[in-house]
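A short write-up of the structure that comes next.
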Amino acid sequence: MNGFERLFPYILAGVSVGGQYALIAIGYTMVYGILRLINFAHGDIFTVAGFFIVYMSATMPLVVSIPMTIILTVLLGFAVERVAYKPLREAPRMSIMISAIGVSYLLQNLMWYVTGGLAKQYPVIPWLSNSVTILSSTTKIVTIVTPVLTVTLVLLLLQLINHTKTGMAMRAVSRDFETAKLMGIKIDRVISVSFIIGSFLAAVGSLLYFTNYPTVTPTVGAMPGLKAFVAAVFGGIGSIPGAVVGAFLIGISENLIKAFGYSTFSDAFTFALLIIILLVRPTGLFGEKTIDKV
Amino acid sequence: MPDKMLELDDITMQFGGVVAVNNLSMFIDEGEIVALIGPNGAGKTTAFNCVTGVYKPTNGQVKYQGQVIVSNHPAGKMKALYAGENRDKYPQVVDPTPDKITRMGIGRTFQNIRLFKTQTVFENVLIATHLHRTSNPLSAAFRINWREERRMRELSLEMLDFVGLAAMKDELATSLPYGKQRRLEIARALATKPKLLLLDEPAAGMNPQETADLGRFIVEIKERFGLTIFLIEHHMDLVMDISERIYVIDFGKLIAHGEPHEIQDNPDVITAYLGVEDI
Amino acid sequence: MKTKKQGLIIGFILLALLFVGLYILENTLSSSTMLLTILKKGVIYALIAVSMNLLNGFTGLFSLGQAGFMLIGAYTYAILTIPVGMRSMIYQYYDGGIVQFAMPALVGILCAGLLAAFFAFLVGLPVLRLKSDYLAIATLGFAEIIRAIIQYEGLGPLTNGSNLLRRFPTFQSVLYPFAAAAICIGVIVLLINSTYGRAFKAIRDDEVAAEAMGINLFFHKQLSFVMSSFFAGIGGALLAMYQGSIQAATFKSTMTYEILLIVVIGGMGSVTGSVIASFLFVASSEWWLRFLDNEMFIGSFHMPLLRSGFRMVVFSVIIMAVVLFYRRGIMGDKEFSPTRIRNRLLNRKAGRNA
Amino acid sequence: MKKTLALLLVLMLALPILALGENYAGTITIGIFEPASGDNAAGGKQETLGMYYANSLVGSVELGGKTYKLEVSEVDNQTSADKAPAAAQTLVSRNVNVVLGTYGSGASMAAAPIFEAAGIPAIGASCTNPGVTLGSPLYWRICYTDDFQGDVLANFAFNNLDVKVAYTLNMLGEDYGAGLVNYFTRAFEKLGGTVVADTFPEGTSDFTAYLQNAVNAGAGVIFSPSSTTYASLMLGQAKSMNLAIPFVAGDTWASSVILEAVQGSELKVYFSDFFDENDENASQVSKDFVTGFKAWLNANPQNLTNNGGNDIIAAVSALGYDAYMTAVEAIKATENGSKDQIAEVLPSVSYDGVTGMIVFDENGDAKKDIAYIKIADTQSLNYIFVTTTSIQ
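Chains as they are written, first to last, in our numbering: chain A, 36 to 329; chain B, 53 to 331; chain C, -7 to 346; chain D, 5 to 396.
Structural data, given as structure tokens:
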């Protein structure tokens, strides 16, 4: 069989993983764009969303538990910001980042406690979980749905950011926090909104992710989280299209690496990529330069 | 003729489309006090930052005692964007980090005071003596350099004494009143043993009385350490009575240059200022 | 100056007393008690925390690579010191591995530090040009890369791949780790109080001003990074000795986070803070809170919540509380010294008399 | 503030000096050193259940006319090499007389030096890595080892499944998988087969790429000894790919997690096991164990959940039971059940257990030479017994 046919399944998997990374990456990039904070807890929020469904679907039908999950996840994201980040708004950047690490640590231990560290089986979501065959490689429908859904959501998000008052406020804040404040923009509100959107997308992401990989463990979100962050940096942190492009690139390339038999380094590669980007073009693909005033 | 202490040739600093400093050329002779004035946002501090290596000028060169310490010409994206003149005049690229410039003997203070917050008054000055060290990390750690250490401390005390802060040497630098913080910044700059001292709005936020004192003080340090002084200032009265020559820039361009009395009744200067604030 | 000398003397006396105390403790307590274990692990973590503090607390470089350099240290030590006779058993899948000599423990520890420092130097060249949180994520990434490389099957004959390294010389007496840590921390303190240490603090407080004072940012950052990693490497070696066996899989970013949290709890920029925090952290996570992990019956009443994992939940809640409400940590950036206490007491007296 | 804190610290560190010698006369404490959380918690809990069941049967022993209460003391080692030493130390500080465990060889090897230093004998139930007992005089083991298991599975794949190319996949950084793959590879290549090796990094959830590698390699079998957590992911994706290649794995896959993962699929999943609950020609001991244990599980919902929500008997439970009973046998042979005496008598202990006769060789390994090969039933939550193999 020819090269492409051989590689196609990997690319397919890569695209789907990329889509899921993208949904997480947007959360990172928006928060970073506004707060200049690497929200280390974002990956864990994504995992928690997974557990929400696992536990709720045990008692109620999916039609109920899926929207419930999304709502709860959004609330969680909102709460985390209010409790762990808002009090530190004036504090030095390092301590808010440490707080983020703390939250991640807490969430992971909490999930560990609740589940006893046991892997939980993700409920089978009808239709999404069905198999399809494209070009002689079989996969789940969700694999195809993910990139499509991702792109749609991103387009909607861009509409929101470019054509609504909130969106304008967001852009203003991410451009210049202080000035925006002086201009009477309600900073806290904007930040909350960005966390809400981020968590919402994380929830959707986890839905797609775990439909594909139906085992949830407390730490399963850590790696996708980090990779999504790398994607955000890659695309130019603060830029949403950038994050998406970066996510797809990373998703595909790490699968191709496996295809060529270097799977040992598929994670290492992602970080190597990050470091190279940071050195060669610290502002990423789409990010713009900033000059620190003296 | 003897080398100038400092020479700026066609210094142009352009951020994207914005030209902050435009073809600024000037010089300072040894032992002079020269002021660079201009309305807010005229590009004074930017000019300073080009000299001290904080910014890399888009075009032009800086000479210190006849030797080129900074030089650059439009490159990369700037090739297309560049709005200044003489783009091909300075082929060589010299782009030292600020610490190298300081090591050459150019000390500076900052417009928005930048003291080491968590350090005491004494430590702030002591840190500035670090660049003349001869010890390596190990000999320093194990106090094999105790003699040098002692000398550093003596020098720092001397400086504090001179600016009249010896009494409060163990207080936290940031706990000092505004005027004293400015003096501390100067003491800190002096501790780097500069030949040329750049003062960025030293009198900012001072009342006439303090300003007058500061004026005397600046002259005093010039005499005491045989310095050359290049200052940016807003307070006209201060500039007028201490500086020997004055350069005036507006929108990054040099609009006038001469001795204080010439500047005082230069129509361009007056219009430039009346537009912004009254003298 | 005078008081400083006195402080030094008192400090030495206290240190001596500490060692005597430990010696007595060790010979009176049954070896089975948890206390000695906690002391061992605690002091090792103290060293590692202080080394991280040198970087994050004193130089203001937010690096998350500590686990990586500990990993290098631990593996260097293990690989160099496993007795030749044991190798065929430990490198069971790589017929004995390629290293066929064994060094004395002390040399091993030193090499651990040096190799970690060397890698830090290489890593630092590119990474230290990055700003705060980019630096953090980049160093985190490097730690992960190092781990992946060490686990790489291709290096099996050297690193034993994913498998445990064990049977290398360890310490029995609690005195050894204390001595090692005391020396290392001592050196770090000396460095911090030297003119270079002042330069570090200057960089932390204000990079631009520091540069304007003629301090070469890159050189000093690199220096701090290499020093910190050197001691992290030694810490890793000691940790290996304490554990008796090591596996690359356990040196995850979580480990770095834990150390970072110790530093924060102790207070960024306080050596004594880090030391105290380390003992508290280790003691409470390994010992005092363990009961939370076991289901408990008081009479017939089944205590709610208590089950495996609860310990870590309580623990991380405590940490969050510190991070949020007690941000300066136990010591802030102050140090815990006998002279300070004496002065405080005197002041109090004065206050009363007045 | 700081002073008080320091004082507090000193006081708290000094606490246990008062709390010394907490081991009352008349009780013999058996330490259970197992994962209750983490990747291997499922298996660890099942193994622990076996021990608790055994304890519920034999709660005391008669030594020289005096009755000694048998107390179990459990600690969670999370099967991680860095948590294990501290956990082991906790058992030591509880002055246990003998230790049982653990699931996951890595933790055993990590803890061995600590038990050894304290002079406490340990009995491994299902830790199959040869390194556990090798060079550890105080560590015994009642199950067969990886070299045997790898050998058996290689033979099974090569002869019974008639496969010439095998694709091995194990987690990077996990020694159980690495070890078994290694022995499998050696044996399989000796038989004349070829092996394509691959590893996945920890935290992987997308296995499609690896499964695709297996397909492209033209492998006739996928040998993937990994924790059930990853296994279930792998099988799930294999299911959605309708993968035809059979899976072969080690004892860890003898778990209900795997059974659930393959329900309603076409997958063929073989694995070796220590014991088979539906073995007709099994000894009376094991028949009794099967009935008794099932009843005990069903009696207590908590136990049932710990067993994975059903009453299928995992082999590790049987091993846990045997480990406990072996310890009891040893204790019976002593005068007062002190750790030193137990260590002394253990080499000569022989016990006819659920998983077969247990007699230790000079390494401290039970002489076991039989493995049960099973296939997971894709229709009902059950194993189907395929064959028992053994290598002479």
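For each residue, glycine too, the CB sits at the ideal point set by N, CA and C. In this text the structure is predicted, and so the values were computed from the model without any measurement.
On the CB-based measure, 16 or more other CB atoms within 10 Å of its CB, does ALA94(C) come out buried or exposed?
buried
Which stretch, first to last residue, makes up the beta strand (DSSP E) that contains PHE328(C)?
Where PHE328(C) is concerned, there is no enclosing beta strand (DSSP E), given that its DSSP letter is neither H nor E.
Determine the DSSP secondary structure at PHE61(C), reduced to helix, strand or coil.
helix
Residues sharing a beta bridge with HIS309(B), DSSP
TYR299(B)
To the nearest angstrom, how far is it from the Cα of GLU175(B) to the Cα of SER191(B)?
20 angstroms
Give the range of the beta strand (DSSP E) segment to which ASP356(D) is assigned.
354 to 357
With respect to the alpha helix (DSSP H) encompassing LYS193(C), which residues constitute its N-terminal and C-terminal limits?
187 to 197
Provide the residue span of the beta strand (DSSP E) that contains ALA334(B), from first to last.
Look at the range of chain B in this structure, 53 to 331, and you will see that residue 334(B) is not part of it.
What are the start and end residues of each continuous alpha helix (DSSP H) run of 4 or more residues lying completely inside the region 88 to 144 of chain A, in chain order?
97 to 115
Distance, Cα to Cα, ARG202(B) vs GLU327(C)?
23 angstroms
Should VAL120(B) and GLY304(B) be called a contact, given that it needs their Cβ atoms to be closer than 8 angstroms?
no
Would you tell me roughly how many angstroms separate the C-alpha atoms of PHE134(C) and TYR249(C), rounded to the nearest one?
15 angstroms
Determine, using beta carbons only, whether PHE37(D) and VAL103(D) come nearer to each other than 8 angstroms.
yes
When you compare each of ASN286(C), SER220(C) and ARG319(C) to THR51(C) by their alpha carbons, which one comes out closest?
SER220(C)
Residue span of the alpha helix (DSSP H) that contains TYR230(B), given as start and end:
230 to 243
On the three-state DSSP scale, how would you describe LYS274(B)?
helix
Chain-ordered neighbours of GLN235(C) on chain D, where CB pairs are closer than 8 angstroms:
ALA85, ASP86, PRO89 and ALA114
Starting from the Cα of LYS336(D), find the closest Cα among GLY47(D), ASN99(D) and TYR72(D) and give me that residue.
TYR72(D)
Coarse secondary structure for TRP144(D), derived from DSSP in three states:
strand
Counting C-beta neighbours from all protein chains within 10 Å, is the total for GLU237(B) 16 or more, i.e. buried, or is it exposed?
buried
For VAL42(C) and ILE137(C), which I take to be in contact (beta-carbon distance under 8 angstroms), what is that distance rounded to the nearest angstrom?
That pair is no contact at about 25 angstroms.
Return no unless some Cβ of chain C is closer than 8 angstroms to the Cβ of LEU320(A).
no
If I follow the unbroken beta strand (DSSP E) through GLN153(D), where does it start and stop?
Segment 150 to 159 is the alpha helix (DSSP H) holding GLN153(D); no beta strand (DSSP E) there.
Run down chain D in chain order and give the residues with a C-beta less than 8 angstroms from the C-beta of VAL255(A).
GLY207 and SER209
Spatial neighbours of TYR299(B) within its chain, please: CB distance less than 6 angstroms, with the 5 preceding and 5 following residues excluded, ordered by chain position.
MET78, LEU88 and HIS309
For SER276(D), which of helix, strand or coil comes out of DSSP?
strand
Straight-line gap, PHE43(A) to PHE300(A) (C-alpha atoms, nearest Å):
21 angstroms
Which value, in whole angstroms, describes the spacing of the CA atoms of LYS262(A) and GLU145(C)?
24 angstroms
Using a Cβ-Cβ distance under 8 angstroms, would PRO125(D) count as near chain C?
no
How would you call THR199(A), buried or exposed, if buried means at least 16 neighbouring beta carbons within 10 angstroms?
exposed
Give me, in chain order, the residues of the same chain whose beta-carbon lies closer than 7 angstroms to that of ILE80(B); leave out the 5 immediate sequence neighbours on both sides.
LYS56, MET57, LEU58, VAL86, THR280 and PHE282
Inspect the beta-carbon positions of LEU167(C) and LEU14(C) and report whether they are closer than 8 angstroms.
yes
Check whether the region 157 to 176 of chain A and the region 102 to 113 of chain A are in contact - that is, three or more C-beta pairs closer than 8 angstroms.
no
Starting from ASN48(C), trace the alpha helix (DSSP H) both ways and give me its first and last residue.
Taken as a continuous stretch (DSSP letters only), ASN48(C) belongs to no alpha helix (DSSP H), as it is neither H nor E.
Roughly how many whole angstroms lie between the Cα atoms of LEU284(C) and LEU298(C)?
5 angstroms
Just list the residues that DSSP pairs ARG158(C) with in beta bridges.
SER237(C)
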